[in-house]
Amino acid sequence: MKKMLSIVAFVVVTVVLTGCSSLETTEKFNSLGISTAKTKPVAHVNVDIWGVFLFNSIPIMSGSVNTAGKLSAFMDTVTLDNAMLMMTRRARGIGASKVLNVTSDIRSYWLWYTLLFWCREVQVSGTAVE
């Protein structure tokens, strides 16, 4: 009974502490140009959203699209559309009119130690310019 209870507690803690979104920017370009176009770089923006899914299909916890660092329960926010939305919102918010050199990466992997859960992650980055 104690063993089963400790396994359940471990899974609950893992699920509660997972699922996040982050949005980071930097304005340090070391006086280098970032494109051949005559644009002024404002910042490089990086967005990462990830979450935990039951059997890789049922969302348990994932990162909030509206507020970086917050969680969304039972909602699948780990999509390329949501990551692009977060990045373009941030770019507009810091005075950019375009985003150059956009890259994305989507991953999904099994959390073998839980037997039932999968982690899914989407990452988007780009350089915001005036």
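Numbering-wise, the sequence shown is residues 164 to 293 according to my numbering. Beta carbons are placed, not taken as given, at the ideal position from N, Cα and C, and that holds for glycine.
Gly-289 is classed as buried because its beta carbon has at least 16 other beta carbons within 10 Å across all chains shown. Here the C-alpha atom of Ile-223 lies approximately 21 Å from the C-alpha atom of Asp-268. In the three-state scheme derived from DSSP, where H, G and I count as helix and E and B as strand, Gly-232 is classed as coil. For Val-285, the closest alpha carbon among the candidates Leu-186, Val-292, Ile-170 is that of Leu-186.
For Val-205, DSSP records no beta bridge to any residue.
Boundaries of the beta strand (DSSP E) harbouring Thr-189: 183-189, taken from the DSSP string.
For Gly-226, the enclosing beta strand (DSSP E) has its first and last residue at 221-226. For the pair Met-167 and Ser-260, the Cα-to-Cα distance works out to about 55 Å. A straight line joining the alpha-carbon of Asp-239 with that of Val-287 spans about 17 Å. Nearest C-alpha to Asp-211 among Met-247, Ala-254, Tyr-272: Met-247.
Apart from the 5 residues on each side of it in sequence, Leu-274 sits with its Cβ closer than 7 Å to the Cβ of Phe-280, Trp-281, Cys-282 in its chain, given in chain order. One thing to note: Ala-254 has its Cβ no nearer than 9 Å to the Cβ of Val-215.
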